[in-house]
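Position 18 of the sequence shown, counting from 1, maps to 36 under our numbering, and the rest follow consecutively. I have placed the structure first, in the form of structure tokens, so that the comments after it can refer back to it.
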Amino acid sequence: IARVLVRALEMLVRFVCLSLALLAGADALKTGPSRSAFGSVARAVEGAAPAAVAAAFAATVATDSAQALSKDTYNSLTYDQIKGTGLANKCPDVTPATGNINLGGKLNKFDELCLEPKEFFVLEEVTDKKGATKTEVIPGKMMTRQTYTLTVIEGDAVTEGGKVVLKEKDGIDYAPTTVQTPGGERVPFLFTVKNLVAKGTEGSIKPGLKLAGDVTVPSYRTGLFLDPKGRGTTTGYDQAVALPALQAGGDEGLFKENNKVFEVLGGSTELTVTGVDASTGDFGGTFVHKQASDTDMGSKEPKTILLKGSWTAHIPGIDE
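Structure below.
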């Protein structure tokens with residue numbers, strides 16, 4: 019009986035500690051996560067079990083997508099504090115400032131480029147009753163789990179013709195993504211900034227700088243992909259094996275379905291700088307990105323995807 023009472027008391031203490039932690043986390047969420055918020059949660063769960071501590075941090079960092087997360091706060095989090103919260107899909111926020119970064123010398127690279135889409139649209143050509151065709155912007159709902167942010171992208175940051183130019187080289191620069199239109203249609207696409215060469219309007223990195231350039235959009239599917247009927251580009255059947263009679267001809271209507279191709283399409287990205295921290299080399303702002311959707315390996319016409327969101331980057335060497 020004594021053991022049972024001790025066990026019950028221990029569980030009661032843990033429950034009280036966890037409740038205090040969750041209350042502290044809820045208060046922290048009202049103003050967004052900060053070092054003071056994490057400190058209050060840490061004090062609330064001092065002496066509590068590890069599970070209670072983990073739950074407290076999860077409550078603290080489970081922020082809404084519209085809330086900002088500073089880079090210092092982001093970098094101070096551990097894997098366990100980020101796991102399961104969705105923060106890995108967020109870009110750190112750059113505080114709006116009026117700094118100025120002049121490129122040249124050892125300041126010729128950029129890293130930590132992160133692009134986080136927040137609005138998704140599908141552009142479709144619509145014909146009205148009079149026969150006139152116009153482009154309609156249809157809002158989309160994100161169907162992909164929180165893995166669609168591009169991050170840790172790096173490349174060259176140079177000045178050409180007196181203007182800033184960012185040249186993408188490497189990083190997590192693509193993410194398979196799917197959005198759903200109000201009508202229920204799901205549109206997959208490979209969100210990417212591969213081979214981006216963004217040319218700027220100013221000679222230095224400062225608020226108001228605009229950069230724009232084209233990107234390469236590879237096929238959503240790779241060469242080894244097989245469709246439900248076993249057809250592919252480098253492997254698989256030449257046609258649907260359930261229709262053997264078509265081997266003698268008559269499958270012209272299925273030509274694109276049978277003959278898979280690895281299509282490389284295009285897109286464009288426009289970056290606007292709204293904040294620069296010249297002391298750390300951090301800068302960022304908003305972006306508008308337009309690209310082609312998936313074509314199901316050549317069997318469908320691509321749609322145009324329009325994304326809007328926030329981005330951040332860093333010039334190494336300033337804070338070293």
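C-beta: ideal position from N, C-alpha, C; glycine also.
Since I believe residue j is in contact with residue i (beta carbons under 8 angstroms), could you give me their beta-carbon distance rounded to a whole number of angstroms?
{"i": "residue 208", "j": "residue 167", "result": "Not quite, the Cβ-Cβ distance comes to about 14 angstroms (not below 8 angstroms), so this is no contact."}
{"i": "residue 305", "j": "residue 287", "result": "6 angstroms"}
{"i": "residue 114", "j": "residue 87", "result": "Their Cβ separation, rounded to whole angstroms, is 15 angstroms, which puts residue 114 and residue 87 out of contact at 8 angstroms."}
{"i": "residue 289", "j": "residue 193", "result": "Contact flag wrong, Cβ pair sits at about 18 angstroms."}
{"i": "residue 311", "j": "residue 205", "result": "5 angstroms"}
{"i": "residue 282", "j": "residue 237", "result": "7 angstroms"}
{"i": "residue 119", "j": "residue 333", "result": "6 angstroms"}
{"i": "residue 213", "j": "residue 196", "result": "So it is not a contact: roughly 23 angstroms between Cβ atoms."}
Please state whether DSSP places residue i in a helix, a strand or coil.
{"i": "residue 273", "result": "helix"}
{"i": "residue 198", "result": "strand"}
{"i": "residue 323", "result": "strand"}
{"i": "residue 178", "result": "strand"}
{"i": "residue 342", "result": "Residue 342 lies beyond the residue range present for the chain, which begins at 19 and ends at 338; the question has no answer from this structure."}
{"i": "residue 309", "result": "strand"}
{"i": "residue 92", "result": "helix"}
{"i": "residue 204", "result": "strand"}
{"i": "residue 100", "result": "helix"}
{"i": "residue 296", "result": "coil"}
{"i": "residue 110", "result": "coil"}
{"i": "residue 336", "result": "coil"}
{"i": "residue 283", "result": "strand"}
{"i": "residue 56", "result": "In this prediction, residue 56 has a pLDDT of 34, which is less than 50 and means its spatial position is unreliable; nothing more can be read from the coordinates."}
{"i": "residue 69", "result": "Only weak support is given to the placement of residue 69: the predicted model assigns it a pLDDT of 39, under 50, and the value that follows is read from those uncertain coordinates. Residue state, collapsed to three classes: helix."}
{"i": "residue 82", "result": "Confidence in residue 82 is poor, its pLDDT being 40 and thus under 50, which makes the residue's placement unreliable; the coordinate value appears in the next sentence. Coil at residue 82, not helix or strand."}
{"i": "residue 236", "result": "coil"}
{"i": "residue 28", "result": "helix"}
{"i": "residue 248", "result": "coil"}
{"i": "residue 76", "result": "Confidence at residue 76 is low in this model, with a pLDDT of 38, below 50, so the placement of that residue should be treated as unreliable; the coordinate-derived value is given next. Three-state result, residue 76: helix."}
{"i": "residue 64", "result": "Residue placement at residue 64 is poorly supported in this model, since its pLDDT is 39, which falls under 50; the coordinates still yield a value, given next. If DSSP states are grouped into helix, strand and coil, residue 64 belongs with coil."}
Can residue i and residue j be called in contact, C-beta distance under 8 angstroms?
{"i": "residue 117", "j": "residue 295", "result": "yes"}
{"i": "residue 327", "j": "residue 130", "result": "no"}
{"i": "residue 182", "j": "residue 220", "result": "yes"}
{"i": "residue 140", "j": "residue 152", "result": "no"}
{"i": "residue 249", "j": "residue 278", "result": "yes"}
{"i": "residue 89", "j": "residue 300", "result": "yes"}
{"i": "residue 232", "j": "residue 284", "result": "yes"}
{"i": "residue 226", "j": "residue 198", "result": "no"}
{"i": "residue 322", "j": "residue 302", "result": "no"}
Looking at the strands, I want to know which residues DSSP matches up with residue i.
{"i": "residue 215", "result": "185"}
{"i": "residue 230", "result": "217 and 288"}
{"i": "residue 167", "result": "Its beta-bridge partners do not exist; DSSP assigns none."}
{"i": "residue 210", "result": "192"}
{"i": "residue 303", "result": "291 and 329"}
{"i": "residue 172", "result": "188"}
So, does the CB of residue i fall closer than 8 angstroms to a CB anywhere in chain B?
{"i": "residue 246", "result": "Judged by its chain identifiers, the structure shown contains no chain B, having just a single protein chain."}
*Kindly provide the ranges of any beta strand (DSSP E) runs that are 3 or more residues long and lie completely inside the stretch 115 to 164, ordered along the chain.*
Taking only runs of at least 3 residues, the beta strand (DSSP E) segments lying wholly in the stretch 115 to 164 are 127 to 145 and 151 to 157.
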